[in-house]
Every structure is written in C-alpha cells, then in structure tokens.
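Undergrad: One structure follows; several queries about it will come next.
There are 2 protein chains.
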Amino acid sequence: MEAINPELLRGSLELMVLSTLFGGKKYGYLIQSTLWESSREVIEIKAGTLYPILHKLEKEGWVKSQWENDTGRRRKWYELTTSGKKQLRTRANEWRQYVECLRRVLGSLGEMSPQLA
Amino acid sequence: MEAINPELLRGSLELMVLSTLFGGKKYGYLIQSTLWESSREVIEIKAGTLYPILHKLEKEGWVKSQWENDTGRRRKWYELTTSGKKQLRTRANEWRQYVECLRRVLGSLGEMSPQLA
DNA sequence: TCCGCATACATTGCCGAGCGATATATTGCC
DNA sequence: GGCAATATATCGCTCGGCAATGTATGCGGA
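Line by line, the protein sequences are chains E and S.
Residues 121 to 237, numbered by the numbering used here, are exactly what the first sequence covers, in order.
Residues 121 to 237, numbered by the numbering used here, are exactly what the second sequence covers, in order.
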C-alpha cells in the first residue's frame, strides 16, 4: 500500500496563494482581497495564516519579495520565481488528481436523493 | 466578509468514511480496504485515524454500531443512521462547492504550460 | 506444530495547518 | 480629533491526521 502526497489532504491555501501570484506581482493585503474576489466571496484567508505562508514560500525560494519605499503606504510586494511557477504547476496537478480521486470515492452517491444544497 | 465552513478546508476523511458506509453496513477494516479500492489505491486511511473518526461519528449519532459475536473474528459493524445520511448529503454538497470554488481560483492557470504531471 | 502474516480494534502522543488575538503604523474620511 | 480601512507581523491555541504501540485471533506454509 502506497499513497498520495498527504500534504494536500491538508489545506490548499498555499496553492491558492501561489495561483493568485501567477496573475502578477502582489502584496499581502492585495493577495487577500484578490483571493476573496476570485473565489466569489468564499475564501477569506486570514492575516495570521497568510503572512506565515508568504514567509515560508520565500524561504522555499518559490517567491521573492521587495519592500515598496516610494509611495506612502508600506507594502511588501511578492513575485513568483521560476521554481515557484514549477511548484505551482505541480501543486495544481496534485489538486486535480485529488479531486478526481474524491469524485470516484463519492461516485456511488449519484443515486442519492439529489437535493441540491 | 463572511466565509464557508472552515471544517472542509481541513480533511475530507469523515466525508469519505460516511460515503463508504452509504454502500452498505461495514466494519472498520473493511471500510479501510473499500476506500483503498474505490480510490484506486490512493486513499489509505490509517487505523489511528479511522477508529477515532468512527467513534466520533457514532457519538454524533450519524452511525450506529453492533459487535459481531457469532463468527470467530471479532468485528464491529457500522451502519449509517437517518441523520447520518443527511449529514453525508450536506458534506458532499459542501465538498462539491469547495471544488467549484477552487476551480474558479485556479481558473487563470488554464493558460499555464499544460504539462501533464 | 508453530511461526509469521494478515486481520481487527483501540489508545497515546506528536506534528503542523489555520486562525484568533494582539500589536504597530499609516492613510483617508467625517 | 476620532474611527475605519489598509498593511504587516507574531504568539499561542485547537484540532485533524498519523506513527507507534498494544492486544488478540485466524490462517497458511515450512
């Protein structure tokens, strides 16, 4: 018995952050609001979750950051690195595989009384 | 800003166990192997995870159990209750909504170099 | 016969994700 | 002047999942 990467049984927030940065360079607070909107007001990543994730992503070399000093607001801009894009591709594929897997496991529920919501 | 049930950001193992029991009455070890097969050798729920889940599901009233005393092997059979079926329906819908949500968030990745795996 | 493996259930303790709470500082509006 | 929104950061808690461990039985092969 061998199994899938157990990491993605747990959260997919890192994936979402990486994905959001794929849309272009962003700072923390902007990542929060972008994610909130792209998920149609569903995913509300908390500050206490987001910043530690960003620090980790940087430590792993998947993003690089730069402080903005010119304008008034103090902002730290994050950008995907090459290895970050690779990581994103990997994670996205793992996610798709996991979804497909769950689809199979839940397959038999098709016959369940199909009450939506 | 309001958000979805944060529980399913975490694991979906309870959902999988409930779903497996929808296929009929089963004992712990059989749930493990059924899940393993229905997921095509991907989901390997560990004993240290499964049994605490089953105890919790019973405590919540979503399953009921009965010890098998006739045959040699000592087995505890679990069965979905009515409220358990309702719970399963709810959880399955939450899962589908979450998947749809992620699909939207990852939507922009469609243009990413489409290397499979 | 008996050793080892699969079966079968259970509990304890650890790890780590996500979050609430809190802290700090600035901008903009009423 | 005061309050909300913006912006980043850290600490400590909770809880899911799992490795490790314990116990016990049935079965096949050497």
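All residues carry an ideal CB built from backbone N, CA and C; glycine is no exception.
1) Along the region 214-229 of chain S, what residues have a CB closer than 9 angstroms to any CB found in chain E?
2) Could you tell me whether the region 133-143 of chain S touches the region 171-189 of chain S, using the rule of 3 or more Cβ pairs below 8 angstroms?
3) Of the residues that make up the region 159-174 of chain E, which ones have a beta carbon closer than 9 angstroms to any beta carbon in chain S?
4) Taking DSSP as the reference, what is the three-state secondary structure of V137/S?
5) Comparing alpha-carbon positions, which option in Y147/S, K206/S, Q207/S, E188/S lies nearest A167/S?
6) Pick from S158/E, R211/E, E214/E, C221/E: whose alpha carbon is nearest that of W215/S?
7) Quick one: residues in its chain with C-beta nearer than 6 angstroms to the C-beta of I163/S, no 5 flanking neighbours on either side, listed in chain order?
8) Counting C-beta neighbours from all protein chains within 10 Å, is the total for Y198/E 16 or more, i.e. buried, or is it exposed?
9) Just how far apart, CA to CA, sit R224/S and S203/E?
10) Going by the beta-carbon positions, is the gap between G143/S and S159/E smaller than 8 angstroms?
11) Do you know how far the Cα of K145/S is from the Cα of S185/S?
12) Which residue comes first and which comes last in the beta strand (DSSP E) that contains W215/S?
13) May I have the straight-line CA-CA distance separating T169/E from W187/S, to the nearest angstrom?
14) Quick check on DSSP: helix, strand or coil for E178/E?
15) Listed from N- to C-terminal order along the chain, which residues in the region 142-161 of chain S have their beta-carbon within a distance smaller than 9 angstroms of any beta-carbon of chain E?
16) Could you name the residues of chain E that S139/S contacts, counting a contact when the two beta carbons are closer than 8 angstroms?
17) Does E199/S come out as helix, strand or coil in the three-state DSSP assignment?
18) Under three-state DSSP, which class holds S132/E?
19) Measure from the C-beta of S132/S to each C-beta in chain E and report whether the shortest distance is under 8 angstroms.
20) Name the residue from G230/S, M232/S, Y218/S whose alpha carbon lies nearest to the alpha carbon of E161/E.
21) Examine chain S for any beta-carbon lying closer than 8 angstroms to the beta-carbon of M121/E, and answer yes or no.
TA: Considering the structure as presented:
1) Cβ contacts with chain E come from W215, R216, Q217, Y218, V219, C221, L222, R223, R224, V225, L226, G227, S228, L229.
2) Enough Cβ pairs lie closer than 8 angstroms, so yes.
3) S159, R160, E161, V162, I163, E164
4) In the second sequence, residue 137/S corresponds to position 17, counting from 1. Helix at V137/S.
5) Taking the second sequence and counting its residues from 1, one reaches residue 167/S at position 47. Among Y147/S, K206/S, Q207/S, E188/S, the Cα nearest to that of A167/S belongs to Y147/S.
6) If you number the second sequence from 1, residue 215/S lands on position 95. The option with the nearest alpha carbon to W215/S is C221/E.
7) Residue mapping note: residue 163/S aligns to position 43 of the second sequence, counting from 1. Excluding the 5 residues flanking it on each side, I163/S has same chain C-beta neighbours closer than 6 angstroms at L155, in chain order.
8) The residue labelled residue 198/E in the question sits at position 78 within the first sequence. Y198/E comes out buried.
9) Taking the second sequence and counting its residues from 1, one reaches residue 224/S at position 104. Taking the first sequence and counting its residues from 1, one reaches residue 203/E at position 83. Approximately 23 angstroms, taken between the alpha carbons.
10) Taking the second sequence and counting its residues from 1, one reaches residue 143/S at position 23. Taking the first sequence and counting its residues from 1, one reaches residue 159/E at position 39. No, the pair does not count as a contact, with Cβ atoms beyond the cut-off.
11) As a working note, residue 185/S is residue 65 in the second sequence. As a working note, residue 145/S is residue 25 in the second sequence. If I take the Cα positions, the gap works out to 9 angstroms.
12) Taking the first residue of the second sequence as 1, we reach residue 215/S at position 95. Taken as a continuous stretch (DSSP letters only), W215/S belongs to no beta strand (DSSP E), being part of the alpha helix (DSSP H) at 202-225.
13) On the first sequence, position 49 is the one that residue 169/E refers to. On the second sequence, position 67 is the one that residue 187/S refers to. Approximately 44 angstroms between the Cα atoms of the pair.
14) Your numbering for residue 178/E matches position 58 in the first sequence. Helix, per DSSP.
15) F142, G143, L155, W156, S158, S159, R160, E161
16) What you label residue 139/S is simply residue 19 of the second sequence in a count that begins at 1. In chain order: V225, L226, S228, L229.
17) For the purposes of this step, residue 199/S is taken as residue 79 along the second sequence, with counting starting at 1. Residue state, collapsed to three classes: strand.
18) Looking up residue 132/E in the first sequence gives position 12. Residue state, collapsed to three classes: coil.
19) Sequence index remark: in the second sequence, residue 132/S carries index 12 (1-based). Yes, its Cβ sits closer than 8 angstroms to a Cβ of chain E.
20) Looking up residue 161/E in the first sequence gives position 41. Nearest option by C-alpha distance: Y218/S.
21) To locate residue 121/E, count along the first sequence from 1; it is residue 1. With a pLDDT of 34 at M121/E, under the threshold of 50, the modelled position of this residue cannot be trusted, and the question is left open.
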